[in-house]
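*Asks:*
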Amino acid sequence: MSTIPSTWMTDQMNRISPRRLGDVRLPGARGAGMHDLTHSTLFSNHGNTRTQYDGIATQLRSGARYFDIRPAIWTDGAFHCGQFSENPALGWQGSTGEILRDAFIAIRTFAKANPRELIILGFSGYRNCLWWRGFDSVEKAQLAALTRNELGGRMITHGDAGVDLAELTLDDLLRGDRNVLCLFDDFDGFVNPADGLFGMVNGRRVHPVSTLSAPAIACGGNGRLHAVRAAGPSWILSISDDGGRTWGINRAILPHRFETPPAVAVDGAGTLHLAWSEDPRHPRLMLSSSPDQGRSWSPAATIAQLPDLTAAAMAHDPDGDVLHVAWRGGGIVVLASRKHGEAGWTRIPVAGLPAAAAVALAARRGRLCLAVLAENTLFVTTSGDGGSSWTPPRPVDGLVTMTPPALAMDDDGGAILLGKPVFDNPEDRLSILRSADFGATWTAPAPIPITAATGRSAATVATGGQGYAIVFPASPDGNADAPAVLNLCGSSNGGRSWDSRHVGMVAGNLGVSDRPGGGGVVLLSGAEQGDGTDAPSLYDRAGAANPGLVAALGRHPAVALMHYLRPAAAGAVAKLNIGE
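Just so it is clear: in the sequence shown, position 20 is 392 by our numbering, and no numbers are missing.
1) Which runs of the alpha helix (DSSP H) fall wholly inside the segment 529-578 and span at least 4 residues, in chain order?
2) Does the beta-carbon of Ser897 have 16 or more other beta-carbons within 10 angstroms, so that it is buried, or is it exposed?
3) Please classify Lys792: does DSSP put it in a helix, a strand, or coil?
4) Please state the DSSP three-state secondary structure of Pro888.
5) Entirely within the segment 664-715 and at least 3 residues each: give me those beta strand (DSSP E) ranges in chain order.
6) Our contact map puts Ala735 next to His696 with C-beta atoms below 8 Å; I'd like the distance itself, whole angstroms only.
7) Helix, strand or coil for Asn521 per DSSP?
8) Shortest alpha-carbon distance to Thr754 belongs to which of Ile704, Glu747, Ala812?
9) Is the segment 430-445 in contact with the segment 478-494, if contact means three or more CB pairs nearer than 8 Å?
10) Tell whether a beta-carbon distance below 7 Å holds between Ile428 and Ala475.
11) Per the contact definition of three or more C-beta pairs closer than 8 Å, is the segment 664-671 in contact with the segment 688-707?
12) Does Arg387 come out as helix, strand or coil in the three-state DSSP assignment?
13) Can you check DSSP and say which residues form a bridge with Leu779?
14) May I have the straight-line CA-CA distance separating Ala818 from Gly713, to the nearest angstrom?
15) Hey, could you find the ends of the beta strand (DSSP E) Gln431 is sitting in?
16) Mapping DSSP to helix, strand and coil, what is Asp440?
17) What did DSSP end up calling Ala641 once you bin it into helix, strand or coil?
18) Helix, strand or coil, according to DSSP, for Asn417 in the structure here?
19) Where does Glu470 fall in DSSP's three states?
20) With burial defined as no fewer than 16 other Cβ atoms inside 10 Å of the residue's Cβ, what is the status of Trp380: buried or exposed?
21) To the nearest angstrom, how far is the alpha carbon of Met406 from that of Gly400?
22) Just curious, the beta strand (DSSP E) that Val396 is in, first and last residue?
23) Below 8 Å on the Cβ atoms is my guess for Ala635 versus Ala684; work out the distance and round it to an integer in Å.
24) How many angstroms separate the CA atom of Leu921 from the CA atom of Val552?
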């Protein structure tokens, strides 16, 4: 097996060429072309803006194959690689890096010399630094023309405008002398796969995913589990028909622009409902529904628009087939309810609740239970009349938490409330409270043998009767330094005990493959690890879809070296620390 970074794909092509792009894991660089700052705003500098220590040409030779590029036009009128963000007090701040034409020349030169090395360019976050806005249609046309002029002969093309690139094999993609795949976000009117300009509708499942969020999960009347979470620019749906033991292929269902936890519910007709918060500057609570297991969706409708809107909670009550959505905005918590088949919502403010940072909701037999997180304390209130009136909120004793709660109820009046204690929790375990009266009274919190990833919540759902399932992100083998993967466990006795035989990976840790350990783009940055280090670790599970390839990423996400490890034992995790 080759250890030459510049030709690692070529040297393995006989083995990897039949694989779908969605099953090939590629090392990549986030904010590519930002190793050297060429123009900067007043408060931008190398310390807070530079993302790379190497340029794109060096990264290509070092094995990087995905480049996340944020095009920017500086006041000189030239296209650059850029890195900009808006500060509420300081306005737009950031810098430009490599001139985009120079980067394209380097890519073209490498691609010509290495025709069996697939190179993916992902363009997003366009910024005009003269007017501090995104690109208009003229500037998008200029970017498209620049890309075609410099890369045209190397650009991969396809005759199907709706092609899902993740389903194509490397053999399908690498035909002739074309080996550069260009994906453009927010490029309506200029996307043309026949001309080598692909949109995110084509590449949504090969878009990089650098974090793993806990999903929202819901159960239909037939026991089918649905899990939805954010991955890259899309919501990802996974479905299990056997209580979570096995899961179907992860499907990108809807785009999103602001990664907040989604809320999901399934009504009596089997329609899947998804609610999420959109646009952090002008928050809107959006709702879309699918009658066919996520294959098609209704146009997203705005339920609420408030300046301090938080992520929503959603629950379906089979009794009366009523869908409930709760959110916090304008300083209060609001419940909106709608019966199946009705168009309008009934909105009811829930009085007496403290300022909530997060909400959780459950409904059964006309009864509702609402939990809110406020100042590290969970408060619970219940309604016996479908939300028209509520009991005074009661704090949950014995549980100090900063983790958004998870809540579910079953048909017999049982309920479970999940949180993660801040104190006296050295193993970082989740705690559970149980109720036998639709949430009116609760047991004391008790730890359960589930270790959750630090700072992430768990999701929980009632599966009918007294059956519950918990999906949670956790580090494999209890190693807190490893990236979290999604796991599931179940209880058939009202949450008193949990069956470890149900534990299994719900999705590959990159969220874009239909098998554990599958493909995707790995983008790591020391600044994103949250530990203040510049030397992140990259883990890799050995398996058929991933031959133990580990990319050693240099300080920040610049790819410095490509290593190959011998396949580890089944279930083992191979670790490579930068600097070794």
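Note that CB positions come from ideal geometry on N, CA and C, so glycine has one too.
These numbers were taken from a predicted model, which means no experiment stands behind them.
*Replies:* The structure says:
1) Within the segment 529-578, the complete alpha helix (DSSP H) runs of at least 4 residues are 542-545, 572-575.
2) Any reading at Ser897 needs caution, since the residue's pLDDT is 24, under 50, leaving its predicted position unreliable; the model's value is listed next. Result: buried.
3) Lys792 carries a coil assignment under DSSP once its states are collapsed to helix, strand and coil.
4) Since pLDDT at Pro888 reaches only 25, below the 50 mark, its modelled position is unreliable, and no value is offered.
5) When DSSP assignments are scanned along the segment 664-715, the uninterrupted stretches of beta strand (DSSP E) that are 3 or more residues long and fall wholly within it turn out to be 673-677, 685-689, 694-701, 704-711.
6) Rounded, the Cβ-Cβ distance is 5 Å, consistent with contact.
7) Helix, per DSSP.
8) Nearest option by C-alpha distance: Ala812.
9) Counting Cβ pairs under 8 Å, three or more are found: they touch.
10) One thing to note: Ile428 has its Cβ within 7 Å of the Cβ of Ala475.
11) No, because fewer than three Cβ pairs between the segment 688-707 and the segment 664-671 fall closer than 8 Å, the two stretches do not touch.
12) Arg387: helix per DSSP, three-state reduction.
13) For Leu779, which the question treats as bridged, DSSP gives the partners Leu789.
14) Near 41 Å, if we compare the C-alpha coordinates of Gly713 and Ala818.
15) First-last for Gln431: 428-433, but that is the alpha helix (DSSP H), not the beta strand (DSSP E).
16) The answer is strand: DSSP assigns Asp440 an E or B state.
17) Note: Ala641 maps to coil in three-state DSSP.
18) Reduced to three states, the DSSP call for Asn417 is coil.
19) Shown here, Glu470 sits in a strand according to DSSP, grouped into three states.
20) It counts as buried.
21) Using only the alpha carbons, I get a separation of about 14 Å.
22) It is not in any beta strand (DSSP E) - Val396 carries neither H nor E in the DSSP assignment.
23) Contact holds; Cβ gap of about 5 Å.
24) With a pLDDT of 23 at Leu921, under the threshold of 50, the predicted position of this residue should be treated as unreliable, and no value is reported.
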